[in-house]
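The structure appears below as structure tokens.
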Amino acid sequence: MLTDPARRSAAPAPDLGWDSAPSPALHVGADGVLVAVNAAARAILHSAAPGRHVDDCAPDWLAQAHRDRADEKADGAEHAGRVDDRTFLAQPVGFPDGGVMWWLIETTDVSMLREDLRAERERADFLRIASDELLTSLNVARTMEVATELAAGRLADAAWIIEPDVRGRHTAVVCVRGERPRRVMLDVRAQELPGLVEALQGFPPVPSRWIDPRLAPAWVVPDGFGSMGSVVVTALPGHGVPAGALILLRTTEQRVFSEPEEAVARLFAARVGAALSAARLFEEQSSITDILTAQLLPPALERADGVDFAGIYRPAQDTSRLGGDFYDVHRLGGGESLALLGDVCGKGLEAAVLAGKIRNTLQALLPMADDHRHMLELLNSSLRSAHETRFATLVLASTARVGDTVRVRLTRAGHLPPLVVRGDGRVEEVLGKGSLIGVLPAIETSTHTIDLAPGETCLLYTDGIIEAVGGPLGGEMFGEDRLRRALTECAGMPAEALVAHVLMLATDWLGGAAHDDMAVLAITAPTGPQPHGAGTDGATPAR
Amino acid sequence: MTDTASPAQSTASTYYDRLWDAVIAIDERRAVDTVLAALEEGVDPETVLLDVVGGVQRRIGAAWAANEISVAQEHAATAINERVVVTIGGQLPRPQQTRGRVTVACVDGEWHALPARLLAEVLSLRGFHVDYLGAQVPAPHLITHLHRTSPDVVALSGSIPTRLPVAHATITACQSAGVPVMVGGAAFGPGGRYASLLGAQAWAPDARAAADRLAQGPLPRTSSHQPIDDLPHLADQEYTLVSRTSTQLVRTVFAGLEERLPEMRDYTDVQRQQTARDLADIVDFLAAALYVGEGSLLNSFVRWTADILAARGVPAASLTPALSLLAAELRDFPRATSLLASAQAALAAHLS
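Keeping their order, the protein sequence lines are chains A and B. Residues 1 to 543 in UniProt numbering are what the first sequence spells out, letter by letter. Residues 1 to 352 in UniProt numbering are what the second sequence spells out, letter by letter.
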């Protein structure tokens with residue numbers, strides 16, 4: 001019968017396997033003196049033996065746990081700690097005499113796994129955040145800033161990203177933890193930092209390289225960084241092109257890089273390399289696009305020789321700025337100008353390229369601008385001989401001031417008739433026939449001359465305006481009638497306001513629906529003398 | 001001078017009056033001369049831009065809203081004002097660009113570019129590096145521009161509340177490109193109440209305040225959130241359905257009005273079109289109210305429409321059946337129903 005507690009406490013025998021139990025166990029008396037220590041406990045606590053005080057032979061955390069228990073403090077608290085490099089959870093089993101059996105459950109594997117998991121989560125989080133942030137921008141400079149800031153925040157105390165050299169100079173960004181990244185031009189030799197030349201070449205793939213901090217040149221240490229403990233140089237893998245190098249710096253207070261940390265640095269470098277090469281490709285492609293686009297965009301128009309010209313343009317596709325509608329105004333000297341507006345069938349880049357060719361051809365034909373018919377005939381045969389399958393419509397308008405008025409000579413080639421907004425709000429259509437350009441071997445044209453009094457406008461526009469489908473009730477075409485009615489309210493309107501107004505009416509009518517290319521050109525006789533600085537100040541913002 | 005206003009202020013207000021006269025007469029030369037004279041006399045360039053030109057522009061907007069001038073007149077006057085800004089641009093001091101880079105643009109579909117242009121000029125005066133993109137900038141161009149130039153902030157201007165959904169898409173797109181957004185303009189509501197709702201990092205009531213805020217330091221870049229986080233009520237799809245079927249709604253309500261209002265049979269073509277346009281506007285404002293999740297922009301639009309109808313000689317009470325017909329069409333949509341009921345109440349209070 002195990003009913004006598006005193007007896008049980010004093011002598012835990014018979015053993016029943018207690019001494020050889022796999023978990024360490026210490027029987028501590030109410031006075032803190034060890035009563036018994038099993039074999040597993042003796043194996044880890046070498047000085048523990050019956051008769052010794054727990055304070056003298058157990059680790060501090062266990063001795064403290066025992067005291068707390070005796071003082072009835074920290075009830076329900078978990079007692080855990082290290083013995084050498086192993087971790088244990090101490091489970092007390094109390095005896096009625098105040099003695100305690102401390103069972104030590106080993107948790108070394110569990111805590112190592114926990115620690116590994118935490119570190120792994122942290123690294124995964126870092127790489128996820130890094131990917132998110134690196135993905136945001138396609139700007140090379142910005143991507144370098146983001147990358148150094150990320151690296152200096154998590155991987156190191158400071159980070160450099162150094163671009164491959166351009167004529168002996170390296171563009172670089174450096175960031176010290178807690179500060180903003182700085183952009184610098186490095187006029188240094190890459191050879192000065194061991195491993196940098198190889199990393200900048202990007203190929204063949206080289207492992208990240210540890211540098212003895214004493215070998216690093218002075219420029220590597222950012223101002224106010226303190227003394228350097230460790231340096232790692234890593235190549236940024238570019239896709240087909242060298243993307244540069246990442247240099248991580250840690251101060252002497254920080255530990256050196258561990259193996260998993262180095263692995264993360266390599267993964268990070270791979271993401272930075274990918275982001276930087278994408279940004280470089282985008283930069284190159286978009287600068288090519290910009291240059292080509294600029295050649296094909298309608299020009300900014302100016303007041304020329306006492307005549308106001310204004311144009312506005314909206315391509316069918318929002319993604320490219322180009323389309324098949326076009327306009328130009330050429331000054332011919334002697335107070336004359338040739339304005340033109342046209343429409344290549346189709347839209348998008350192919351139409352824009354043909355529109356550009358037509359504009360070039362017409363520019364070459366300017367010496368015969370007096371003879372619209374001849375000009376159009378030459379353009380027609382040029383388009384036909386180039387085996388263009390597309391055709392175009394066009395209006396030519398030669399302008400010259402005659403006193404206060406502007407005389408406009410108009411020739412239509414298959415295009416919509418121009419509208420004239422008179423001073424009293426009347427809107428007139430300039431009639432006359434004319435055939436498409438680029439279809440038949442011979443073309444028909446007829447030329448009409450109109451005079452614009454001050455404030456009056458001759459408006460050229462493409463079919464994208466009146467064929468806009470929408471309206472409040474949906475499915476209706478904007479139509480020429482509606483345009484003419486709107487123009488009756490536009491007497492005396494400045495050229496720029498008029499073209500913007502017409503485009504706004506058509507765009508509002510669309511209400512966000514898809515549309516064709518739209519272009520509007522106004523030729524306006526200015527009211528009164530010209531304002532200050534006149535002559536070249538009539539720029540219309542081009543888009 | 002016995003005037004309590006400072007000499008500079010009273011000078012500015014003299015030029016303001018003179019510029020208004022020139023602009024409303026569509027006299028470009030006089031307008032440019034007036035503003036050049038103000039600069040020559042030493043009026044502070046920022047005052048010239050914001051209080052003289054900007055002040056006149058606000059008055060043009062108010063005159064249009066009060067139906068005192070037509071849309072065409074408003075455009076003509078605005079064009080003169082824009083020309084003034086372009087022309088005096090060369091006369092303004094251009095300090096060193098020491099304060100970071102700002103992209104100034106309008107919400108796509110916005111036609112009122114002048115406030116953005118004035119902001120661009122003021123920021124240049126304050127030493128910012130400014131890229132002014134103007135109005136009618138499709139979002140893909142804006143984003144491409146941001147990737148190419150990596151500015152510190154985008155200043156986005158919007159005056160039309162019905163473009164708020166587009167503004168939201170643009171704000172989100174800019175932020176996804178890593179660039180914070182400051183918004184301004186009447187579209188963002190009194191006190192900029194819709195600015196934070198749509199996730200903008202900052203709002204400014206006017207160009208001066210915008211420049212002051214940007215001069216204080218950069219806006220925070222990161223705002224990692226999904227657009228739907230801003231507007232959880234969009235989950236009910238009411239905005240989507242109403243905006244997708246808007247022309248159908250306008251047609252149905254239009255037909256219903258023709259039955260209810262016998263006088264509509266005598267309407268001219270132009271009047272019928274105007275009525276359809278008004279209905280389309282109401283549906284657009286309803287959609288915007290569904291988007292932001294509150295009705296004040298719809299209510300104030302309905303009150304304003306009532307005033308405009310009265311000015312046009314159309315009985316404003318005809319709005320009441322229009323709203324009822326719309327509510328009947330949308331009876332299965334609880335949020336739309338309650339927004340229309342609140343608009344109906346606002347209209348009744350306004351007309352009484």
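All C-beta atoms in this analysis are idealised placements derived from N, C-alpha and C, irrespective of residue type, glycine included. Predicted model only: the values in this text are computed from it and were never measured.
- Per DSSP, the continuous beta strand (DSSP E) segment holding V181(B) begins and ends at V181 to G184.
- Inclusion of A300(A) and L322(A) in the CB contact set at 8 Å is not warranted, their separation being larger than that value.
- Between L332(A) and A369(A), the gap from beta carbon to beta carbon is short of 8 Å.
- Shown here, L436(A) sits in coil according to DSSP, grouped into three states, outside any helix or strand.
- Listed in chain order, the positions of the stretch 67-80 of chain B with a beta carbon within less than 9 Å of a beta carbon of chain A are S70, V71, A72, Q73, H75, A76, A77, T78, A79 and I80.
- For the stretch 235-260 of chain B, the beta-carbon criterion of a distance under 7 Å to any beta-carbon of chain A is satisfied by T247, V250, R251 and F254.
- Contact between the stretch 247-267 of chain B and the stretch 321-331 of chain B is present: three or more C-beta pairs spanning the two stretches fall below 8 Å.
- Counting along the chain, W210(A) sits inside the beta strand (DSSP E) bounded by residues R209 to I211.
- The C-alpha of S320(A) is placed about 15 Å away from the C-alpha of A355(A).
- Counting only residues of its own chain and dropping the five nearest sequence neighbours on each side, A310(B) has a CB closer than 6 Å to the CB of A316.
- Cβ-Cβ distances below 7 Å link P45(B) to L39, L92, P93 and L125 in the same chain, with the five nearest sequence neighbours on each side left out; the list follows chain order.
- Just so you know, the alpha carbons of L118(B) and T144(B) end up roughly 24 Å apart.
- By the rule that beta-carbons nearer than 8 Å mark a contact, E428(A) does not touch chain B.
- In terms of CA proximity to I88(B), V35(B) leads the group V35(B), A276(B), L339(B) and S70(B).
- Cβ-Cβ separation between E496(A) and A310(A): approximately 4 Å, consistent with a contact (criterion under 8 Å).
- Within the same chain, Cβ atoms closer than 7 Å to the Cβ of S435(A) are found at A413, G414, I443 and E444, the five residues on either side in sequence being excluded.
- Per DSSP, the beta-bridge partners of M185(A) are T171(A).
- For A500(A), the C-beta contacts it makes with chain B under 8 Å involve H75, A79 and W111, in order along the chain.
- Ranking G438(A), A269(A), G512(A) and Q191(A) by CA distance to the CA of R244(B) puts G512(A) first.
- Going by DSSP, P441(A) is part of no alpha helix (DSSP H) at all; its letter is neither H nor E.
- Between V122(B) and V84(B), the C-beta gap is not smaller than 8 Å, which leaves the two residues out of contact.
- Distance from the CA atom of T405(A) to the CA atom of L487(A), rounded to whole angstroms, is 20 Å.
- A check of alpha carbon separations from P92(A) across G81(A), R114(A) and L104(A) identifies L104(A) as the nearest.
- Among the CB atoms of chain B, none fall inside 8 Å of the CB of C458(A).
- Across the set D187(A), H374(A) and T527(A), the C-alpha of D187(A) shows the shortest separation from the C-alpha of R169(A).
- Not flagged as an interface residue toward chain B: A525(A), since no C-beta distance is shorter than 8 Å.
- Nearest C-alpha to P207(A) among V233(A), R401(A), G94(A) and W219(A): V233(A).
- According to the DSSP secondary-structure assignment, C106(B) is paired through a beta bridge with S157(B).
- Between A48(A) and A58(A), the C-beta spacing is below 8 Å.
- Our two residues, M375(A) and L365(A), have alpha carbons roughly 6 Å apart in a direct line.
- Contact annotation: in the stretch 293-316 of chain A, residues whose CB is within less than 8 Å of a CB in chain B are R314.
- Excluding the 5 residues flanking it on each side, A243(A) has same chain C-beta neighbours closer than 6 Å at L236, G273, L276 and S277, in chain order.
- Here T411(A) carries a strand assignment [DSSP, helix/strand/coil].
- The alpha carbon of F88(A) has as its nearest neighbour, out of D56(A), L127(A) and L45(A), the alpha carbon of L45(A).
- In the structure shown, I312(A) falls within a strand segment according to DSSP collapsed to helix, strand and coil.
- When DSSP assignments are scanned along the stretch 320-355 of chain A, the uninterrupted stretches of beta strand (DSSP E) that are 3 or more residues long and fall wholly within it turn out to be 325-333 and 336-344.
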